[in-house]
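Asker: After the structure tokens below, expect a handful of questions from me.
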């Protein structure tokens, strides 16, 4: 396969962002294997099997508010009832209700036998051991029926669903203590470049600190995978080949930063051409035009650009969806909001532009956005100030202040 050279803004061979993502999602398949974990261990994991309800939720009819439980058909014969007992949550009334009788019931209390309606306490007048109903409810009012939330035997969560805090509560409400989840993807990552130094080392002329590897560490942790840091690799083909083989032997997916283009020192691309089944892509986007994707032996591979912002953007748009696919999750496109640009946005036609932005809400509830500063792909400080990406279409030119633009909140991308 020939490696294309660098190109201008309107390169007709460049893939659109949508086409590149579609290829990733069509190619990457969920990992085999599952494990049983306790509920707390299931947080953030993906269900390997559907979860069916072993019981009704709620398991019994109960009162939706504080009041008096009685038979609705007796309201037609009179409004006075004798209080024969009380029912609290966890402490049901175990007797029967006779004609003209009621039970004082608290929210969550089990409905007494034969009672079918609750009159809320604000609608009665208490007269010693009796009540007088001043505002009669409809039959069945203020009662939560057994199985109203979940019916026994029904599927409550499908396979492929990611377990969050709400799901933990739901599983616990069913009395479940364990669930089957898919195994976590194993990811190996490293950065490349002779100019890189570790934090804490003295910098020589032309050297910089290796920030990308730490960024990848954070992104992978946030995505929820088992990540292994293989360090920083010099611009040496033999070293690149050795570490690539090491990564492929232990990981389901490999992520690198740097060396993804076609320059003389871009050994990642060269090693992949010779020893992997990866492709070099030019993507019509900014930042992040060069991207390697494919396989090295049995591991999936993403070679990201070396510029820090490009690492984060390409990870969010391509690597994170691939990892969710490996985990067995269904793809869900990130939330896109519409906001008003506070100032003019620079843009040349030819590539989809992802500018770093700060999204705010006006007092009237509408959204506005401005850039977080300089937009060069090496400016990491602007990314740390931002809370969204401003997505400008491929064919668009400069956008005037007041224009309506698409924004993608970070919480919809980095998850």
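In UniProt numbering, the protein residues as written are 1 to 415. Cβ coordinates follow ideal geometry from the N, Cα and C atoms, glycine included.
Cutting at 8 Å between CB atoms, please list the residues of its own chain near residue 318, excluding the five before and the five after it.
Answerer: 20, 21, 24, 291, 293 and 302
Asker: Can you tell me where the beta strand (DSSP E) with residue 302 in it begins and where it stops?
Answerer: Where residue 302 is concerned, the enclosing beta strand (DSSP E) starts and stops at 299-304.
Asker: Which first and last residues belong to the beta strand (DSSP E) in which residue 340 is found?
Answerer: 337-341
Asker: Are the segment 305-314 and the segment 46-66 in contact at 8 Å, needing three or more beta carbon pairs?
Answerer: no
Asker: Indicate whether residue 270 and residue 222 have their beta-carbon atoms separated by less than 8 Å.
Answerer: no
Asker: Spell out the partners DSSP gives residue 399 in its beta bridges.
Answerer: 345
Asker: So residue 172 is in the alpha helix (DSSP H); what residue range does that whole segment cover?
Answerer: 165-173
Asker: Starting from residue 25 and walking both ways along the alpha helix (DSSP H), at which residues does that stretch end?
Answerer: 17-27
Asker: Would a C-beta distance cut-off of 8 Å place residue 150 and residue 81 closer than the cut-off?
Answerer: no
Asker: Label residue 181 either buried or exposed according to how many other C-beta atoms from any shown protein chain fall within 10 Å of its C-beta, with 16 as the threshold for buried.
Answerer: buried
Asker: Could you give the DSSP three-state label for residue 406: helix, strand or coil?
Answerer: strand
Asker: Based on Cα-Cα distance, which residue from 204, 190, 211 and 251 lies nearest to residue 234?
Answerer: 190
Asker: To the nearest angstrom, report how far apart residue 142 and residue 66 are at their CA atoms.
Answerer: 9 Å
Asker: Let me know the secondary structure DSSP gives residue 321 once reduced to three states.
Answerer: helix
Asker: Would you list the one or two residues that DSSP bridges to residue 198?
Answerer: In DSSP, residue 198 forms no bridge with anything.
Asker: DSSP has residue 154 in a bridge; who is on the other side?
Answerer: Answer is none; residue 154 lacks a bridge partner.
Asker: To the nearest angstrom, how far is it from the Cα of residue 255 to the Cα of residue 229?
Answerer: 10 Å
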